[in-house]
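A.B. asks: What follows is a structure written as structure tokens; I'll ask about it next.
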Amino acid sequence: MIGVNSVQGTGKVRMRASGSVKYGREEPVRRQPQHRSKSLKVSTSVEFNTGLPKKEKSLYNSIKNEKLEWAVDGDELKKSLSELADKNHHSHTKSISRISSGSNPFLDIAHDPNAAVYKTGFLARKIHADMDGKKTPRGKRGWKTFYAVLKGMILYLQKDEFKPEKALSEDDLKNAISVHHALAIKAMDYEKKPNVLKLKTADWRVFLFQAQSPEEMESWIRIINSVAAMFSAPSFPAAIGSQKKFSRPLLPATTTRMSQEEQLKSHEAKLKHVSTELAEHRSYPPDKKVKAKEIDEYRLKEHYLEFEESRYEMYVKLLKEGVKELLTARDGDAALKKSQSSPSLNQESQPAAAKVKRNTSERKDYRPETPKVIEQLGQFEQNTLRKQLTHTQVQVPVIVWWSPLTGELGRLGECGHNRCFFTVNKSYHSHPHTKAFLFYGTDFSIESLPLPRHEQHQWALFHEESPKNNYKLFHEPVITLFNHTATFSRRSHLPLTTQHLEGLSALSTQTHLLPLSYKNQLRRTLAPVAYIQSDCDPPSDRDVYVQELMQHIQVDSYGQCLHNKDLPPHLRDSTAMDDQDFYQILAQYKFILAFENAVCDDYITEKLWRPLKLGVVPVYFGAPNVRMWLPDNRSAVVVNPNEPPKKLAQYLKRLDKNDGEYLKYLEWKQKREISNVNLVTELKERPWGVQDIGQDSFIDAFECMVCNRVWENIHRQEKKLPSKVWRAEESHLTCPPPKLFEFAVSPSSSLRQIWRASYEQSRREARALGLMLRRNRNFTPPDPVCIQIRWWIST
1 MIGVNSVQGT
11 GKVRMRASGS
21 VKYGREEPVR
31 RQPQHRSKSL
41 KVSTSVEFNT
51 GLPKKEKSLY
61 NSIKNEKLEW
71 AVDGDELKKS
81 LSELADKNHH
91 SHTKSISRIS
101 SGSNPFLDIA
111 HDPNAAVYKT
121 GFLARKIHAD
131 MDGKKTPRGK
141 RGWKTFYAVL
151 KGMILYLQKD
161 EFKPEKALSE
171 DDLKNAISVH
181 HALAIKAMDY
191 EKKPNVLKLK
201 TADWRVFLFQ
211 AQSPEEMESW
221 IRIINSVAAM
231 FSAPSFPAAI
241 GSQKKFSRPL
251 LPATTTRMSQ
261 EEQLKSHEAK
271 LKHVSTELAE
281 HRSYPPDKKV
291 KAKEIDEYRL
301 KEHYLEFEES
311 RYEMYVKLLK
321 EGVKELLTAR
331 DGDAALKKSQ
341 SSPSLNQESQ
351 PAAAKVKRNT
361 SERKDYRPET
371 PKVIEQLGQF
381 EQNTLRKQLT
391 HTQVQVPVIV
401 WWSPLTGELG
411 RLGECGHNRC
421 FFTVNKSYHS
431 HPHTKAFLFY
441 GTDFSIESLP
451 LPRHEQHQWA
461 LFHEESPKNN
471 YKLFHEPVIT
481 LFNHTATFSR
491 RSHLPLTTQH
501 LEGLSALSTQ
511 THLLPLSYKN
521 QLRRTLAPVA
531 YIQSDCDPPS
541 DRDVYVQELM
551 QHIQVDSYGQ
561 CLHNKDLPPH
571 LRDSTAMDDQ
581 DFYQILAQYK
591 FILAFENAVC
601 DDYITEKLWR
611 PLKLGVVPVY
621 FGAPNVRMWL
631 PDNRSAVVVN
641 PNEPPKKLAQ
651 YLKRLDKNDG
661 EYLKYLEWKQ
671 KREISNVNLV
681 TELKERPWGV
691 QDIGQDSFID
701 AFECMVCNRV
711 WENIHRQEKK
721 LPSKVWRAEE
731 SHLTCPPPKL
741 FEFAVSPSSS
751 LRQIWRASYE
761 QSRREARALG
771 LMLRRNRNFT
781 PPDPVCIQIR
791 WWIST
């Protein structure tokens, strides 16, 4: 569902983090349908064309033959305005140019080099949704740190600090975001990072930005909204005569020509209109008997009106408070400055770091405004450490995220009584205070490692995702490189096996549990089994098994894999997997196929926990030791991969017809009794939480585990004791080679065949990595050893 607070989780609690939307009209217009005679077709009317003068005829032909691309609906636009730069833009020009959407002239951003600079500073950005709220693909959602400059009505995201005399690069224009008609709010529903604001633009893209302190976050929110409120030109009325029920009003990117008083009156009028329309809209909900499409359109329009009401409420509030005085006050970073005279952020004095309480475990962050990395610990960081610690000579360990998972340039984190400086800046590799390097498993590569590895350097692995992401980690030469591990394996130093389960209450809840009598009635229109997968042909070969199973029992398949049944339009994207409407659909089934994408001990995802929470019996295939984690020994049907799917189908049919036998799988749910001591103990004792603002995330817990272990050895050295050595073992991340089922009912796909080859390739890479580490330095192509390693990998 898309609304003003539509940041939804994916089931993971990471620090780093669709569907087309049609919009309701801003002005309700009711017109009687006008019918055109079939014999009158303007496009072929010779009489109409031949009587025109030459000039008008040319104009007529251009209108007839050249479609105005900006007139199409928003969901037909292929690229958002920030992803295209004007091809005619020259980096050294000082004239006004445009950052074009490539499609809609009303959404083009006017780039004025002489525009006022309202705010600058470091921000970490995550793209959450593309145009029209479509969920951004996973590979493009990562956190990236930029130097942000709000100049005029454009938020520029630059790689380097802002310098007025330097022309904007192509990347600067590509990353630019227009704030016209935008709304910035605190991301209340995003708990994976502190100080995160959410920016929703006029074309309904959604960005998350992490500031370096709560004060900075509030400052960015207020100034962005103030600029949008003051300078956004009034919207155009909705199109008339469109065949679609809802069309979003055009929101021009030009600057308003109204005075501040007129602007305030315009926003007040819009707010009143939108509030009235929203109230009227809610007073006439669709009848339950109408088509699903009409219900979807009703909900989409409601979300649109709710967002518009929130936006105009913010604009009116700011203008009433005297936003002009706020922006023109020259007191710090909120000052109204012209770009020609704007100083670089390389100022003589730096602001003090902000102290933020993150959670109940007393972990705090001290975030420097602009950390400077030099051969020694940057001067600003040194100043920060002296201020926040004491004047005693304390050696503060530096811990480097070699995989830039968090995107944090520098943070002094507190873990109990211990403090460590966390950064993604690789320049700290040779720093004398550097004690550990953190790796994100999916991104771990032999191409670039922190070598040479010194005696005091500890390596730590964080890998919570699918085994298929990086098979190298499952081989002994690679996994044993690490001193500390946090993986899905219960045997790792920080087990993440229950990463997709909020707690015991999530399992015992009966919110979505439906009476069996009602499910039996629904069997007239629904299959007994549901399957929801869009990641097809993974290493577990689950689609082949399910395809054979479907030959013997009816299965409703909603995902892209083996698809045979449609979800409502608003639930067809991965972001809707936690939508209440989606839950209601799944809760109607007796069984849900919970098939993992890999078959490894302890690799258990939301595929198992979701049906258990909904009161549906999961038919599980994945972790061979899954019974160690089930709430009750008889809470799921566990698939035996060595038996044919036909036998499983016969068993499910028997349960479907026998209410007494079926209810035995739900007895634990009805009584709210979780008998698995191992599961209960794990959930109560794990030092992190899932979507729980009162607990650390597992990223926090991982960082603190490494920090505390580093400090443990520091204290041992002070006492003249030998350092403690931690080593990862093969059991910390185990997964056998992918195995294919032999009863495929259709020709194998190329993707299905690639997983075993990928596993064997990773074995050769692990062997090459062992040779490289014996040399304790990265290899380069001219190196003879590099040639040998390349040969190993390719053969």
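Read the sequence shown against the UniProt record's numbering and you will find it ends at 795, with the numbers running on by one and no gaps.
Yeah, the Cβ is synthetic: ideal placement off N, Cα and C, and Gly gets one too.
Enumerate in chain order the residues of its own chain whose CB-to-CB distance from residue 87 is below 8 Å, with the five nearest sequence positions on each side excluded.
C.D. replies: Any reading at residue 87 must be qualified, since the residue scores a pLDDT of 39, below 50, and its modelled position is unreliable; the value itself is stated next. Around residue 87: no qualifying Cβ.
A.B. asks: Could you tell me if residue 188 is buried or exposed, where buried requires 16 or more neighbouring beta carbons within 10 angstroms of its beta carbon?
C.D. replies: Result: exposed.
A.B. asks: Report the residue ranges of all beta strand (DSSP E) runs contained in full by the stretch 440 to 488; include only those spanning at least 3 residues, in chain order.
C.D. replies: Here the runs fully enclosed are 458 to 463 and 484 to 487.
A.B. asks: Please classify residue 382: is it buried, with 16 or more other beta-carbons within 10 angstroms of its beta-carbon, or exposed?
C.D. replies: Summary for residue 382: the model assigns pLDDT 45, below 50, so the residue's position carries little reliability; its value from the coordinates is reported in the next sentence. Residue 382 is exposed by the Cβ-count criterion.
A.B. asks: Kindly indicate the opening and closing residues of the alpha helix (DSSP H) around residue 262.
C.D. replies: It spans 260 to 283 - the alpha helix (DSSP H) in which residue 262 sits, taken as one unbroken run.
A.B. asks: Run the CB neighbour count on residue 118, radius 10 Å, all protein chains shown included, and call it buried at 16 or more, exposed below.
C.D. replies: The residue in question, residue 118, is buried, as its Cβ has 16 or more Cβ neighbours within 10 Å.
A.B. asks: For residue 362, which residues from the same chain have a beta carbon less than 6 Å from its beta carbon, with the 5 sequence-adjacent residues on both sides left out?
C.D. replies: Reliability fails at residue 362, whose pLDDT of 37 lies under 50, so the model's placement of it is uncertain and no value is given.
A.B. asks: The beta strand (DSSP E) that contains residue 151, what's its start and end?
C.D. replies: 144 to 151 is the span of the beta strand (DSSP E), which, as asked, contains residue 151.
A.B. asks: Kindly indicate which residue of 769, 731 and 634 has the alpha-carbon position closest to the one of residue 474.
C.D. replies: Nearest C-alpha to residue 474: 731.
A.B. asks: Which residue wins for smallest C-alpha separation from residue 461, given the options 412, 404 and 736?
C.D. replies: Nearest of 412, 404 and 736 to residue 461, Cα basis: 404.
A.B. asks: Could you give the distance in angstroms between the alpha-carbon of residue 402 and the alpha-carbon of residue 448?
C.D. replies: Going by the C-alpha atoms only, they are around 9 Å apart.
A.B. asks: Could you pull the DSSP bridge partners for residue 156 from this structure?
C.D. replies: Residue 156 pairs with 149.
A.B. asks: Could you tell me whether the Cβ atoms of residue 697 and residue 668 are closer together than 8 Å?
C.D. replies: Their beta carbons are not under 8 Å apart, which means residue 697 does not touch residue 668 by this criterion.
A.B. asks: Rounded to a whole number of angstroms, what is the C-alpha to C-alpha distance between residue 797 and residue 601?
C.D. replies: Residue coverage of the chain in this structure runs from 1 to 795, which leaves residue 797 outside it and unanswerable.
A.B. asks: Is the Cβ-Cβ distance between residue 455 and residue 743 less than 8 Å?
C.D. replies: In this structure, residue 743 does not lie closer than 8 Å to residue 455 by Cβ.
A.B. asks: Please report how far the alpha carbon of residue 308 lies from the alpha carbon of residue 578, in whole angstroms.
C.D. replies: Looking at the two C-alpha atoms, the distance is approximately 25 Å.
A.B. asks: I need the DSSP call for residue 103, collapsed to helix, strand or coil.
C.D. replies: Note that residue 103 scores 42 on pLDDT, short of 50, meaning its location in the model is unreliable and no value can be drawn from it.
A.B. asks: How about residue 251 and residue 202: are their beta carbons less than 8 Å apart?
C.D. replies: Their beta carbons are under 8 Å apart, which means residue 251 touches residue 202 by this criterion.
A.B. asks: Between which two residues does the alpha helix (DSSP H) harbouring residue 231 extend?
C.D. replies: First-last of the alpha helix (DSSP H) with residue 231: 214 to 231.
A.B. asks: Tell me, which residues are paired with residue 618 by DSSP?
C.D. replies: Beta-bridge pairing links residue 618 to 592.
A.B. asks: Does residue 510 pass the burial test, meaning 16 or more other C-beta atoms within 10 Å, or should it be called exposed?
C.D. replies: Exposed is the call here.
A.B. asks: Does DSSP classify residue 650 as helix, strand or coil?
C.D. replies: Note: residue 650 maps to helix in three-state DSSP.
A.B. asks: Restricting to Cα atoms, I'd like to know which of 655, 722, 638 and 497 is closest to residue 796.
C.D. replies: Lying outside 1 to 795, the shown extent of the chain, residue 796 is not represented and no answer is given.
A.B. asks: Select from 494, 557 and 488 the residue whose C-alpha is nearest the C-alpha of residue 500.
C.D. replies: Nearest of 494, 557 and 488 to residue 500, Cα basis: 488.
A.B. asks: So what's residue 415 in DSSP terms, helix, strand or just coil?
C.D. replies: Residue 415 falls in the strand class under three-state DSSP.
A.B. asks: With a threshold of 16 other CB atoms inside 10 Å of the CB of residue 232, please say whether the residue is buried or exposed.
C.D. replies: When all chains shown are included, residue 232 counts as buried.
A.B. asks: Starting from residue 116 and walking both ways along the alpha helix (DSSP H), at which residues does that stretch end?
C.D. replies: Here residue 116 belongs to no alpha helix (DSSP H); instead the beta strand (DSSP E) covers 116 to 129.
A.B. asks: Give the DSSP-derived three-state secondary structure of residue 549 in the structure shown.
C.D. replies: Helix.
A.B. asks: Who are the Cβ neighbours of residue 674 in its own chain at under 8 Å, not counting the five residues just before and after it?
C.D. replies: Same-chain partners within the cutoff: 504, 507, 508, 631, 632, 668 and 680.
A.B. asks: Going by the CB atoms, is the gap between residue 705 and residue 484 shorter than 8 Å?
C.D. replies: Yes. Within cutoff.
A.B. asks: Is the distance from the Cβ of residue 703 to the Cβ of residue 413 below 8 Å?
C.D. replies: Taking 8 Å as the Cβ cut-off, residue 703 and residue 413 qualify as a contacting pair.
A.B. asks: What three-state label does DSSP hand residue 253 in the structure shown?
C.D. replies: Three-state DSSP puts residue 253 in coil, outside helix and strand.
A.B. asks: Would you mind working out which of 639, 512, 656 and 479 sits nearest residue 529, comparing C-alpha positions?
C.D. replies: It is 656 whose Cα lies nearest to the Cα of residue 529.
A.B. asks: Taking DSSP as the reference, what is the three-state secondary structure of residue 516?
C.D. replies: Of the three classes helix, strand and coil, the one that applies to residue 516 here is helix, per DSSP.
A.B. asks: Since residue 129 and residue 205 are thought to touch, with beta carbons under 8 Å apart, how far apart are those beta carbons, to the nearest angstrom?
C.D. replies: About 6 Å separates the two Cβ atoms, so the contact holds.
A.B. asks: Determine the direct distance from the alpha carbon of residue 615 to that of residue 644, and round the result to whole angstroms.
C.D. replies: Near 27 Å, if we compare the C-alpha coordinates of residue 615 and residue 644.
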